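Counting from 256, one number per residue, gives the positions in the sequence shown under our numbering.
One structure is given here, and the rest of the page talks about it.
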Amino acid sequence: MHLRLSMGFLALCLSLALCAAGTRGGDAASFEPAVVQVDSTTRSYNKMASRNISIVGDNFMLDGQPLRIVSGSLHYFRLPAAYWRDRLRKLKAAGLNAVATYVEWSYHEPEERQYMFEGDRDVAAFVRAAAEEGLHVLLRPGPYICAERDLGGFPYWLLGKYPNIQLRTTDNDFIKETEIWLAKLFEQLTPLLYGNGGPIILVQVENEYGSYGSDMPYKEKSRDILKQHVGDNALLYTTDGLYPSMFLAGQVPGALTTIDFGSTTDVTQAFKALRQYMPVGPLMNSEYYPGWLTHWGESFQQVGTDAVVSTLRDMLRQHINVNFYMFFGGSNFEFYAGANYGSTYTPDITSYDYDAPLSEAGDPTPKYYAIRNAMKKFNFEAKDIPEPTPSSKGAYGSVTVSPRIGLLSSEGRSTLGKKYQDVTGSTLPNFEKLRQRGGLMLYETKLNKGEGVLEIKKPRDWIYVYVDGELKGAINRMYKKLNLTIQSKTDSVLSLLVENQGRINYGHHLHDRKGILSPVTYDGKALDGTWSVSGYPLEALDHYDTVLQSSPDLANGPVLFEGEFTLPKGQNPLDTFLDTTGWGRGYVWINGHNLGRYWPGLGPQVTLYVPGVWLRAAPAANRLQILELEAAPAKYVMEFIDYPILNRTTSGR
Ligand SMILES: *[C@@H]1O[C@H](CO)[C@@H](O)[C@H](O)[C@H]1NC(C)=O
Ligand SMILES: *[C@@H]1O[C@H](CO)[C@@H](O)[C@H](O)[C@H]1NC(C)=O
Ligand SMILES: *[C@@H]1O[C@H](CO)[C@@H](O)[C@H](O)[C@H]1NC(C)=O
Numbered sequence: 256m257h258l259r260l261s262m263g264f265l266a267l268c269l270s271l272a273l274c275a276a277g278t279r280g281g282d283a284a285s286f287e288p289a290v291v292q293v294d295s296t297t298r299s300y301n302k303m304a305s306r307n308i309s310i311v312g313d314n315f316m317l318d319g320q321p322l323r324i325v326s327g328s329l330h331y332f333r334l335p336a337a338y339w340r341d342r343l344r345k346l347k348a349a350g351l352n353a354v355a356t357y358v359e360w361s362y363h364e365p366e367e368r369q370y371m372f373e374g375d376r377d378v379a380a381f382v383r384a385a386a387e388e389g390l391h392v393l394l395r396p397g398p399y400i401c402a403e404r405d406l407g408g409f410p411y412w413l414l415g416k417y418p419n420i421q422l423r424t425t426d427n428d429f430i431k432e433t434e435i436w437l438a439k440l441f442e443q444l445t446p447l448l449y450g451n452g453g454p455i456i457l458v459q460v461e462n463e464y465g466s467y468g469s470d471m472p473y474k475e476k477s478r479d480i481l482k483q484h485v486g487d488n489a490l491l492y493t494t495d496g497l498y499p500s501m502f503l504a505g506q507v508p509g510a511l512t513t514i515d516f517g518s519t520t521d522v523t524q525a526f527k528a529l530r531q532y533m534p535v536g537p538l539m540n541s542e543y544y545p546g547w548l549t550h551w552g553e554s555f556q557q558v559g560t561d562a563v564v565s566t567l568r569d570m571l572r573q574h575i576n577v578n579f580y581m582f583f584g585g586s587n588f589e590f591y592a593g594a595n596y597g598s599t600y601t602p603d604i605t606s607y608d609y610d611a612p613l614s615e616a617g618d619p620t621p622k623y624y625a626i627r628n629a630m631k632k633f634n635f636e637a638k639d640i641p642e643p644t645p646s647s648k649g650a651y652g653s654v655t656v657s658p659r660i661g662l663l664s665s666e667g668r669s670t671l672g673k674k675y676q677d678v679t680g681s682t683l684p685n686f687e688k689l690r691q692r693g694g695l696m697l698y699e700t701k702l703n704k705g706e707g708v709l710e711i712k713k714p715r716d717w718i719y720v721y722v723d724g725e726l727k728g729a730i731n732r733m734y735k736k737l738n739l740t741i742q743s744k745t746d747s748v749l750s751l752l753v754e755n756q757g758r759i760n761y762g763h764h765l766h767d768r769k770g771i772l773s774p775v776t777y778d779g780k781a782l783d784g785t786w787s788v789s790g791y792p793l794e795a796l797d798h799y800d801t802v803l804q805s806s807p808d809l810a811n812g813p814v815l816f817e818g819e820f821t822l823p824k825g826q827n828p829l830d831t832f833l834d835t836t837g838w839g840r841g842y843v844w845i846n847g848h849n850l851g852r853y854w855p856g857l858g859p860q861v862t863l864y865v866p867g868v869w870l871r872a873a874p875a876a877n878r879l880q881i882l883e884l885e886a887a888p889a890k891y892v893m894e895f896i897d898y899p900i901l902n903r904t905t906s907g908r
C-alpha cells in the first residue's frame with residue numbers, strides 16, 4: 256500500500272500529507288520518458304530452460320505461454336502459520352492464480368543479527384505452501400514495505416544503532432544493512448525463484464518509492480541488490496501511484512513499471528497515462544484496493560462491493576494484470592501495528608481486516624463471493640473448486656480476571672520492569688538507543704516544591720504523568736497535548752511513563768524514534784538533574800500468582816490483570832473474538848500470545864481476534880492477561896463472542 260487513490264484521494268492527501276509526490280512534478284520531469292526497459296531479448300536463461308518467466312510484447316510469458324496474473328495480497332506475518340493453507344486455498348477458490356506478500360524485515364530480525372525464520376516466521380514454508388496450492392508468488396521484499404507496520408517493516412534497532420541513518424536513501428549504513436539482510440533472506444528464498452523451480456515469478460523493487468522520493472542512484476542500488484539475488488529467475492517490478500509524477504519518480508530501468516489504484520478510478524484513463532511513458536509491456540494494477548486501512552479514532556473504512564467488482568471486470572476485459580491489496584488482511588499482533596502522520600500522529604488499529612474479501616478471521620464475505628462469481632465468467636482456473644464457507648466461531652462467554660501487579664509498584668518494577676541507567680541532563684535516551692522495541696519506558700526525576708506547567712514538546716507517544724505515584728494526567732502526541740499543570744513538594748518524584756504507540760510507517764516522518772525526544776520543562780526550566788530510566792518491554796509475560804489485596808487504583812499506574820478459563824469439553828478450540836467493551840486502553844495476551852492493542856473507548860475496533868490455534872482444548876486451562884493502562888470496568892470481565900466488532904465509532908475525537 257499506500258495511496259488513497261480510490262476514495263476521496265484529495266481528502267486523504269490532506270489528512271496524511273500524501274500529496275508531496277503529486278505536487279513534485281519538477282522531479283519527474285527530469286526523467287527520460289522511456290519508463291520501462293523490459294528487454295526480454297537480452298535476458299539469458301541458462302538454468303532450467305523449461306522454467307522461464309519473461310515479457311514479450313504486452314504479456315508476461317511463462318514457459319512460452321502468455322500468463323495473466325490475478326493475484327491477492329496475504330501477508331504471512333499477519334496470521335499463524337497453521338492458517339496459511341486455508342487462506343491460500345480460499346484465494347485459489349476465488350479464481351486467483353497468485354498470491355502477493357511483503358517480507359517484513361523486523362519480523363525476521365527483530366534484534367540485530369538475531370534471525371528468526373521458524374514457525375510463523377518461516378517465509379520459505381509459506382512460499383512453498385503457495386506453490387503446493389497452485390499459486391504463483393509475487394514477492395515484495397522491500398526492505399521498506401509500509402504495510403501499516405511498525406516503522407514500515409524496518410527493524411527498530413536501525414534507528415538505535417545509527418543515530419543519523421537515512422532510511423530509503425543511498426546512506427552507507429542503510430545500504431550496508433540492507434545488503435546484509437537481503438543476503439540472509441535470499442538464503443531462504445533463492446531456491447524458490449521461478450527459474451530455480453519455485454513459484455516466485457515477480458519481485459518488487461522498493462515500495463511506492465515515488466511517493467517518498469525520486470533519487471535514481473538509490474533506486475538503481477535497490478534494484479541491483481535484488482538483481483544480484485534474483486538474476487533472471489524472476490522479473491523485477493515497481494509499484495507506484497497512478498499519476499505520472501508518482502510512477503516516474505518510482506520507476507527504475509530494468510523493472511516493469513506498475514501502478515496502483517482502487518475501485519473508483521477509471522481504468523482506461525489510468526492506463527492511458529502509463530502508456531504515454533510505457534508504450535509496450537504488461538499493464539498491471541499491483542495494488543487494487545477492495546477495502547482500506549483504519550486508524551484509531553476513525554470510522555471503520557469500507558469499500559463497496561459493486562464498485563470493486565465492476566472495476567475488476569473493467570481490468571479483466573482490458574487484459575490488465577491485477578493484485579488485490581488486501582485479499583486477506585489479518586491482524587497486527589504484538590507491537591507490530593504502525594502509524595501514519597497527517598494533521599497529527601494516528602496509530603493503526605490492531606485489526607487489519609481491511610474490509611477485504613476474506614475477513615480478519617479468514618471467512619469469505621459477500622465481497623468474496625461477488626469476486627468469485629466475476630472471476631468465473633472470465634474463465635479463471637478455480638471454476639470447480641467448491642465455494643468456501645465461514646468457519647464456526649466460539650462464543651466462550653465471560654472470563655473474570657484479577658488484578659495481579661501494579662506496574663509502578665516495587666514488585667511491578669522488579670518483575671515486569673528492567674532498570675537501564677541513570678542519566679544526568681535534559682537529554683533522555685530513547686527506546687531505540689536503549690534497544691527496547693515496544694512497550695513502555697519510565698523516566699523519573701526529582702522536582703522542587705512548586706506549582707507550574709510541565710511541558711514536553713516531543714512526546715513519543717503517550718506519556719502518563721505521575722507526581723509521587725499519583726496520576727496527574729497525560730501528555731500525548733496524538734492530540735498534541737504537550738503540557739500539564741502540576742504541583743510538587745520538595746523532593747517530589749516525577750514519573751513519566753511513556754507508551755510507544757507504533758512507529759510511523761509512511762511518509763516523511765518515517766524516522767520515528769520513541770520516548771521523550773525534547774527536554775522536559777517545568778515552569779519554563781529544563782529538568783536537567785538525574786533521571787532514572789527503566790523499561791517495560793512486555794515481550795514475554797510470566798504468570799503471577801499474587802492477587803493485589805486492595806482493588807487496583809489505576810491512578811497509581813497501570814495494572815496487569817490475569818485470569819484463567821477452560822473451553823467446553825469435547826471440542827477443538829475455535830476462533831473467537833475478545834470483547835474489550837468497558838476497558839480503557841492496553842494490551843492482551845492469551846497463553847503468552849500478544850493479541851495487540853485495545854482501545855474501545857476510541858474505536859472503531861472493539862473486539863480482538865483470537866486464533867483458535869492459540870487456545871488449549873479442555874480440560875487444559877487457558878491464561879488471559881490484560882495490561883490496562885487507564886481504567887478497568889467495575890467488574891473485571893472480558894467476554895469471548897463469536898463475531899467481530901470493528902465499527903463502533905465513538906465521539907472519542
Ligand atoms: C524464455 O522465453 C522467451 C520468450 O518466450 C524466449 O524468447 C526465450 O528463448 C526463452 N528462454 C529459454 C531458455 O527458454
Ligand atoms: C499549553 O498548551 C496549550 C495548547 O495545548 C497552549 O495553548 C498553552 O499556551 C500551553 N501553555 C503553556 C504554559 O505553554
Ligand atoms: C457494524 O457492522 C455490523 C456487522 O457487519 C453491522 O451489522 C452494523 O450495522 C455495523 N454498524 C455500524 C455502526 O456501521
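Beta carbons: idealized from backbone N, C-alpha and C, even for Gly.
Bear in mind the structure is a predicted one, so any value in this text is a computation, not a measurement.
Sequence-distant residues of the same chain with beta carbon closer than 7 Å to residue i, five excluded per side
i, result
"residue 312", "535"
"residue 889", "none"
"residue 494", "459, 462, 463, 513, 515, 541 and 542"
Helix, strand or coil at residue i according to DSSP, with G and I counted as helix
i, result
"residue 325", "strand"
"residue 733", "coil"
"residue 798", "coil"
"residue 718", "strand"
"residue 728", "strand"
"residue 851", "strand"
"residue 551", "coil"
"residue 686", "coil"
"residue 700", "strand"
"residue 320", "strand"
"residue 880", "strand"
"residue 653", "strand"
"residue 371", "coil"
"residue 867", "helix"
"residue 291", "Any reading at residue 291 is ruled out, since the residue's pLDDT is 39, under 50, leaving its predicted position unreliable."
"residue 670", "helix"
"residue 676", "strand"
"residue 485", "helix"
"residue 336", "helix"
"residue 306", "coil"
"residue 565", "helix"
Cβ distance (whole Å) where residue i is taken to contact residue j below 8 Å
i, j, result
"residue 222", "residue 489", "Nothing about residue 222 can be read from this structure; the chain reaches only from 256 to 908."
"residue 349", "residue 612", "7 Å"
"residue 789", "residue 675", "6 Å"
"residue 538", "residue 529", "7 Å"
"residue 394", "residue 459", "7 Å"
"residue 687", "residue 572", "No, residue 687 and residue 572 are not in contact; Cβ-Cβ is about 50 Å, not under 8 Å."
"residue 653", "residue 615", "At roughly 22 Å, the Cβ-Cβ gap does not stay under 8 Å, so residue 653 and residue 615 are not in contact."
"residue 622", "residue 563", "6 Å"
Spatial neighbours of residue i in its chain, beta-carbon cut-off 8 Å, leaving aside the 5 residues before and after
i, result
"residue 235", "Outside the shown range of the chain, which is 256 to 908, sits residue 235, and nothing can be said about it."
"residue 831", "648, 649, 650, 651, 865, 867, 870, 895, 896 and 897"
"residue 784", "679, 700 and 701"
"residue 635", "325, 350, 351 and 352"
"residue 801", "659, 660 and 666"
"residue 599", "732, 733, 734 and 735"
Other residues of its chain near residue i: CB distance less than 6 Å, five sequence neighbours each side excluded
i, result
"residue 546", "558, 609, 610 and 611"
"residue 850", "843 and 863"
"residue 747", "702, 722 and 723"
"residue 707", "777 and 778"
"residue 221", "Here the chain comprises residues numbered 256 to 908, so residue 221 is not present and cannot be evaluated."
"residue 281", "Its pLDDT being 30, under 50, residue 281 is placed unreliably in this model, and the value from its coordinates should be taken loosely. Nothing meets the Cβ criterion."
Original post:
Of all the beta strand (DSSP E) runs that stay within the bounds of the segment 578–648, which reach a length of 3 or more residues?
Top reply: If we require 3 residues or more, the beta strand (DSSP E) runs fully inside the segment 578–648 come out as 594–596 and 600–602.
Original post:
If you scan the segment 382–462 from start to end, which runs of the beta strand (DSSP E) of 3 or more residues do you find wholly inside it?
Top reply: Complete beta strand (DSSP E) runs here, min 3: 391–395 and 455–459.
**OP:** Pull every residue with its beta-carbon under 5 Å away from any heavy atom of ligand 2, and keep them in chain order.
**Re:** Residues with their Cβ less than 5 Å from any non-hydrogen atom of ligand 2, running along the chain, are 708 and 738.
**OP:** Note down, one range per segment and in chain order, each beta strand (DSSP E) of at least 3 residues found wholly within the segment 731–792.
**Re:** Secondary structure within the segment 731–792: the beta strand (DSSP E) runs of 3 or more consecutive residues, fully enclosed, are 738–743, 747–754, 775–777 and 785–791 (chain order).
Original post:
Which parts of the segment 502–529 are runs of the alpha helix (DSSP H), unbroken and 4 residues or longer, counting only runs that do not cross its ends?
Top reply: List check, alpha helix (DSSP H) in window: nothing returned.
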